[in-house]
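Chemist:
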Amino acid sequence: MSSPNTAAQDPAPRDQHTLRIATVNVNGIRAAYNSKKKQTMGDWLAHRDIDILCLQEVRAPDASLRKLLDEDQWEILHSEAVAKGRAGVAIATRKGAEQHPSRLPDQPRQTRIGLPGLDGDEHTGRWVEADYDLPGGTSLTVVSAYVHSGEVDTIRQEHKYAFLERMLTRLPELAEQSDHVLIVGDLNVGHTELDIKNWRGNVKNAGFLPEERAYLDRYFGDVGYVDVARKLAGDVPGPYTWWSYRGQAFDNDAGWRIDYHMATPALAAAARQAVVDRAPSYDTRFSDHAPLVVDYQLV
1 MSSPNTAAQD PAPRDQHTLR IATVNVNGIR AAYNSKKKQT MGDWLAHRDI
51 DILCLQEVRA PDASLRKLLD EDQWEILHSE AVAKGRAGVA IATRKGAEQH
101 PSRLPDQPRQ TRIGLPGLDG DEHTGRWVEA DYDLPGGTSL TVVSAYVHSG
151 EVDTIRQEHK YAFLERMLTR LPELAEQSDH VLIVGDLNVG HTELDIKNWR
201 GNVKNAGFLP EERAYLDRYF GDVGYVDVAR KLAGDVPGPY TWWSYRGQAF
251 DNDAGWRIDY HMATPALAAA ARQAVVDRAP SYDTRFSDHA PLVVDYQLV
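In this text, residue positions in the sequence shown follow full-length UniProt numbering: the first is 1, and each later residue adds one.
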């Protein structure tokens, strides 16, 4: 795992059998691609050899996403929120499998929008699933998830708990249906004290409440998923994936690790490296989140 205090460098070259999967909360895709920024999302993406790109907080119409991301290069699955300018998740699969015959096909075999069992969730832009057939005859399911941020003592926190609770059922369901499962995205929860720089000041705030963290205890406990980035980084602070735009949070690395790759055990064992693509400076960020990129030796 790259150091949280330095800009991540592109990982070492990989062979054609490795899958590179990235997740990033773009905090509005149109803003992330704004040409007035010193570095745009497009600049970042052009220097990465990513096979599957998972996005959260797209916050744009489907047509805008497809224009910015370029449908000639990506097969795009987008769950747009009914509420304009809110949420939105996507999974983009790199086209051109004929150039890398041992990687993924150009498009998923099957897709699903919404967290099953949560009424109306297909309209909230928070959960999308894609099933892939791997060259070796096994299957891979990828989920792009954006959990509610929540707010203590409000209906928003109730929605967050309902979402986290439903995940307790959906995660094992997926593990039964596919050889490999990967849940990625912004879970809006720091799991342990290592995941938030100022954890003492946040124990009563949404994002680090004991009740929220208990759900992650279960995902990584009896449900059986693995926190891939933590497994590879070890017991070190961070590396963080989100920093407030306010004050000196980014410069002081006062961040939160709330973006995850959660994998079934066999898939987690295939993870070779994880990198947080932290921008080199405050003014070169295209989002308040940094991408989390993981390479998997699967085929």
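Backbone N, C-alpha and C fix where the C-beta goes; we use that ideal spot for every residue, glycine too. Just so we're clear, the structure is a prediction, and the values are computed from it rather than from any experiment.
For Met167, which beta-bridge partners are listed by DSSP?
Modeler: Paired residues: none, contrary to the question.
Chemist: Quick check on this structure: which residue in Ala90, Asn188 and Pro116 has the alpha carbon closest to the alpha carbon of Ala63?
Modeler: Looking at the Cα atoms, Ala90 is the closest of the given residues.
Chemist: Taking the alpha-carbon of Ala233 as reference, which of Val294, Tyr225 and Asp131 has the nearest alpha-carbon?
Modeler: When each option's Cα is compared against that of Ala233, the closest is Val294.
Chemist: Could you check the C-alpha separation between Gly28 and Trp242 for me, to the nearest Å?
Modeler: Roughly 15 Å between the two C-alpha positions.
Chemist: I'd like the list of long-range same chain contacts for Ser287, defined as Cβ closer than 7 Å, with 5 residues on each side in sequence excluded.
Modeler: Here the set comprises Val24, Asn25, Val26, Asn27 and Ala32.
Chemist: List the endpoints of the continuous alpha helix (DSSP H) containing Ile29.
Modeler: Run containing Ile29: Ile29 to Ala32, per the alpha helix (DSSP H) assignment.
Chemist: With a threshold of 8 Å, are at least 3 pairs of Cβ atoms found where one atom belongs to the segment 224-239 and the other to the segment 259-272?
Modeler: Judged by Cβ distances under 8 Å, the segment 224-239 makes contact with the segment 259-272, as three or more pairs qualify.
Chemist: Where do the ends of the alpha helix (DSSP H) carrying Arg213 lie?
Modeler: Element bounds for Arg213: Pro210 to Tyr219.
Chemist: Between the segment 168-184 and the segment 272-285, do three or more beta carbon pairs fall short of 8 Å?
Modeler: Cβ pair count under 8 Å is below three, so no.
Chemist: Determine which residues share a DSSP beta bridge with Trp74 and list them.
Modeler: Partner(s): Arg94.
Chemist: Who are the Cβ neighbours of Lys204 in its own chain at under 8 Å, not counting the five residues just before and after it?
Modeler: Val152.
Chemist: For Lys37, collect the residues of the same chain with a Cβ closer than 7 Å to its Cβ; drop the 5 residues on either side in sequence, then sort them by chain order.
Modeler: Closer than 7 Å at Cβ, skipping near neighbours: Phe286.
Chemist: By a C-beta neighbour count over all protein chains shown, 10 Å radius and 16 as the cutoff for buried, is Lys197 buried or exposed?
Modeler: Buried, since its Cβ has 16 or more Cβ neighbours within 10 Å.
Chemist: Within the same chain, show all residues whose beta-carbon is closer than 8 Å to that of Thr141, passing over the 5 residues directly before and after it, in chain order.
Modeler: The residues are Glu129, Ala130, Asp131, Tyr132, Leu174, Gln177, Ser178, His180, Val181 and Leu182.
Chemist: So, with DSSP's three-state summary, where would you put Tyr161?
Modeler: It is helical.
Chemist: Apart from the five residues on each side of it in sequence, which residues of its chain come closer than 6 Å, Cβ to Cβ, to Ala22?
Modeler: Only Ile50, Leu53, Pro291 and Val293 meet the Cβ criterion.
Chemist: Alpha carbon to alpha carbon, what distance is there between Leu168 and Thr124?
Modeler: Distance between the alpha carbons of Thr124 and Leu168 is about 19 Å.
Chemist: So, with DSSP's three-state summary, where would you put Val294?
Modeler: Strand at Val294.
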